[in-house]
Amino acid sequence: MEGISKSFGSNLVLDKVSFEIEGGEIKALLGENGAGKSTLMNILGGVIDKNEGHVFLDGKEVVFSNPKDAMDSGIAFIHQELNLINDLAIYENLFIGREKKKNKCFLDHKSMQEEGAAVFERMGIDLDVRAMVRDLDASYKQIVEIMRAMMMNARLIIMDEPTTSLTDPEIERVFSFMRRLKSEGVAIIFISHKLNEVMSICDSYTVLRDGHMVANGSVKSVTTSEIASMMVGHAIDAKNRVKKSESKEEVLRVESVSDGRHFDNISFSLYKGEVLGFTGLLGDGRSELFLSLFGDGRAYKGKMFLNGKEKRMKNTSQAVDEGLAYVPRNRKENGIIKDLSILENGSLVTLSRNRKFHLFIDKEKTEKDFEEQKKNLRIKMERNEDLITSLSGGNQQKVVLAKWLSSSPHVLVLDNPTQGVDVGAKEDIYEIIAELAEKGVSVIVLSSEAQEIMRVCSRCFVLYHGKMMGELEGDQINENTIMKLATGVEE
Numbered sequence: 440m441e442g443i444s445k446s447f448g449s450n451l452v453l454d455k456v457s458f459e460i461e462g463g464e465i466k467a468l469l470g471e472n473g474a475g476k477s478t479l480m481n482i483l484g485g486v487i488d489k490n491e492g493h494v495f496l497d498g499k500e501v502v503f504s505n506p507k508d509a510m511d512s513g514i515a516f517i518h519q520e521l522n523l524i525n526d527l528a529i530y531e532n533l534f535i536g537r538e539k540k541k542n543k544c545f546l547d548h549k550s551m552q553e554e555g556a557a558v559f560e561r562m563g564i565d566l567d568v569r570a571m572v573r574d575l576d577a578s579y580k581q582i583v584e585i586m587r588a589m590m591m592n593a594r595l596i597i598m599d600e601p602t603t604s605l606t607d608p609e610i611e612r613v614f615s616f617m618r619r620l621k622s623e624g625v626a627i628i629f630i631s632h633k634l635n636e637v638m639s640i641c642d643s644y645t646v647l648r649d650g651h652m653v654a655n656g657s658v659k660s661v662t663t664s665e666i667a668s669m670m671v672g673h674a675i676d677a678k679n680r681v682k683k684s685e686s687k688e689e690v691l692r693v694e695s696v697s698d699g700r701h702f703d704n705i706s707f708s709l710y711k712g713e714v715l716g717f718t719g720l721l722g723d724g725r726s727e728l729f730l731s732l733f734g735d736g737r738a739y740k741g742k743m744f745l746n747g748k749e750k751r752m753k754n755t756s757q758a759v760d761e762g763l764a765y766v767p768r769n770r771k772e773n774g775i776i777k778d779l780s781i782l783e784n785g786s787l788v789t790l791s792r793n794r795k796f797h798l799f800i801d802k803e804k805t806e807k808d809f810e811e812q813k814k815n816l817r818i819k820m821e822r823n824e825d826l827i828t829s830l831s832g833g834n835q836q837k838v839v840l841a842k843w844l845s846s847s848p849h850v851l852v853l854d855n856p857t858q859g860v861d862v863g864a865k866e867d868i869y870e871i872i873a874e875l876a877e878k879g880v881s882v883i884v885l886s887s888e889a890q891e892i893m894r895v896c897s898r899c900f901v902l903y904h905g906k907m908m909g910e911l912e913g914d915q916i917n918e919n920t921i922m923k924l925a926t927g928v929e930e
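Here my numbering is used: the first residue of the sequence shown is 440, the next is one more, and so on.
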């Protein structure tokens, strides 16, 4: 790709960017949210048109009018946002756009099921291809998306944040398959904010910042810290953001909580101003546990105490009234409403408080509250009326945070708070967590990333298949110990 420029209205997103990749190469395309990575790849994948520049495939200039043109030329695109149809089976999603037919009229369901099952078996993925996509959790939906692209026999595969919601074993399976494709001469463009993954799987890298190409080279010649600095334009301070809370004031206590399926006999206490972590692998039950406590999950046995008083949330509205807040995982599915504006998304939780005459929204008060959160959270945006989807992933996540912080919670649960967020925005969120703790807010961080738990939590619990495997504090919180406990090894 040579001299690629692209504007959306007056906003110049790409400014004469050049990018190249060879067959049998895995190249990382890096940059903060809003740097232009997805736009550049959308041009390559035929999703949007460029304003200037040229695209060459095998030395010949090509122009893609739509994604099918790119697909027919051997380019497969795994998008950051899942593009699956919930009301179709897995095997039907695998063959969308290239369905197998018999007698030129009827779909050959048996053939598609057999081919899909064979690929899943080769990858060691235990999924029935006849299952409906709507019944899968986010990680398995992501696997189906990856498998669909890999089954196209593409010469060039674009992977935009493919491992965001996968566990370590699933990621290693994908990496193993990527290495096999590389050995067969397939080129892979890998977009990720997980720099450890970049160093593990990629041969080379290109860094975009503010629509400009600022660096490229071999991953062997740089460190993760150097790449992070290139992405944000300054050095990253990687020290632990959160100080250990000295308070002995118990804000939340959970005693012997079980739901008979996702979590079993869970007990813990949370103190004022503390940042407490919960981690594990897929199926550890941490999200189900806190959704149930928040009034949005299954019925459970056991007790929960808030500020010394026993409580059981009948619904999420009661939880908000009691001073609880929950930032859910999978922002695009559960955190935002795509058809609403930034302001509307940022004020959903406090709508009932910002009323006048019991019928109308007090727009002035709503805007005032949001402006305060926008300033505190350093949200980069233009107009309140713009759609939430106009923002980068990191700023969308900050709006979700703003929505919950506007309710002035005593306990804030953050479920995968930096999922799909770039290095700079991740550091901002870590700093926000530290500031909240200093102000006396008690924060619970649910995360699969050991590095994240190590960075922001002074104490953490590790779960394995819904059971509490251990409590770690201070220097005990390290990747080796967390992984042992998360895989069922007793300490």
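By construction, the Cβ of each residue, glycine as well, lies at the ideal position given by its N, Cα and C atoms.
Under 8 Å between C-beta atoms of residue i and residue j
i           : j           : result
residue 818 : residue 852 : no
residue 626 : residue 462 : yes
residue 861 : residue 833 : yes
residue 711 : residue 690 : yes
residue 597 : residue 487 : no
residue 649 : residue 477 : no
residue 892 : residue 716 : yes
residue 661 : residue 471 : no
residue 465 : residue 621 : yes
residue 698 : residue 731 : yes
residue 904 : residue 722 : yes
residue 856 : residue 766 : yes
residue 741 : residue 757 : no
residue 709 : residue 850 : yes
residue 629 : residue 467 : yes
residue 714 : residue 774 : no
residue 469 : residue 645 : yes
residue 945 : residue 868 : This structure cannot settle anything about residue 945, because the visible part of the chain is limited to 440 through 930.
Same chain only: Cβ atoms within 7 Å of residue i, ignoring 5 sequence neighbours per side
i           : result
residue 638 : 658, 663
residue 527 : 572
residue 558 : 586, 590
residue 725 : 717, 719, 885, 902
residue 768 : 726, 854, 855, 858
residue 453 : 443, 444, 445, 475, 478, 479, 650
residue 812 : 785, 841, 844, 845
Residue span of the beta strand (DSSP E) that contains residue i, given as start and end
i           : result
residue 772 : That residue, residue 772, is in no beta strand (DSSP E); it is neither H nor E in DSSP.
residue 626 : 626 to 630
residue 640 : Taken as a continuous stretch (DSSP letters only), residue 640 belongs to no beta strand (DSSP E), being part of the alpha helix (DSSP H) at 634 to 640.
residue 514 : 514 to 517
residue 764 : 763 to 766
residue 690 : 689 to 697
Under the three-state DSSP convention, the category residue i falls into
i           : result
residue 920 : helix
residue 610 : helix
residue 868 : helix
residue 550 : helix
residue 663 : helix
residue 914 : helix
residue 647 : strand
residue 908 : strand
residue 745 : strand
residue 816 : helix
residue 441 : strand
residue 567 : coil
residue 705 : strand
residue 403 : The structure shown does not extend to residue 403, since the chain is modelled only from 440 through 930, so no value can be given for it.
residue 590 : coil
residue 672 : coil
residue 655 : strand
residue 801 : coil
residue 574 : helix
residue 796 : coil
residue 752 : coil
residue 534 : coil
residue 540 : strand
residue 825 : coil
Same chain, Cβ closer than 6 Å to residue i, neighbours up to 5 away in sequence not counted
i           : result
residue 568 : 529, 530, 552, 555, 556
residue 614 : 640
residue 786 : 805, 809
residue 601 : 517, 585
Close-in-space but distant-in-sequence residues of the same chain around residue i (CB under 8 Å, 5 per side omitted)
i           : result
residue 442 : 455, 456, 457, 491, 492, 493
residue 536 : 507, 510
residue 954 : There is no way to answer for residue 954, as the model of the chain reaches only from 440 to 930.
residue 793 : 786, 800, 801, 804, 805, 808
First through last residue of the alpha helix (DSSP H) which encompasses residue i
i           : result
residue 449 : No alpha helix (DSSP H) contains residue 449, which DSSP labels as neither H nor E.
Exercise. Which ranges would you report for the beta strand (DSSP E) in the stretch 712 to 741 if only whole runs of at least 3 residues count?
Worked result: 714 to 718
Problem set entry | Ordered list of alpha helix (DSSP H) runs contained in the stretch 454 to 507, each at least 4 residues | 476 to 483
For this session: Entirely within the stretch 847 to 906 and at least 3 residues each: give me those beta strand (DSSP E) ranges in chain order.
Result: 850 to 854, 881 to 885, 898 to 903
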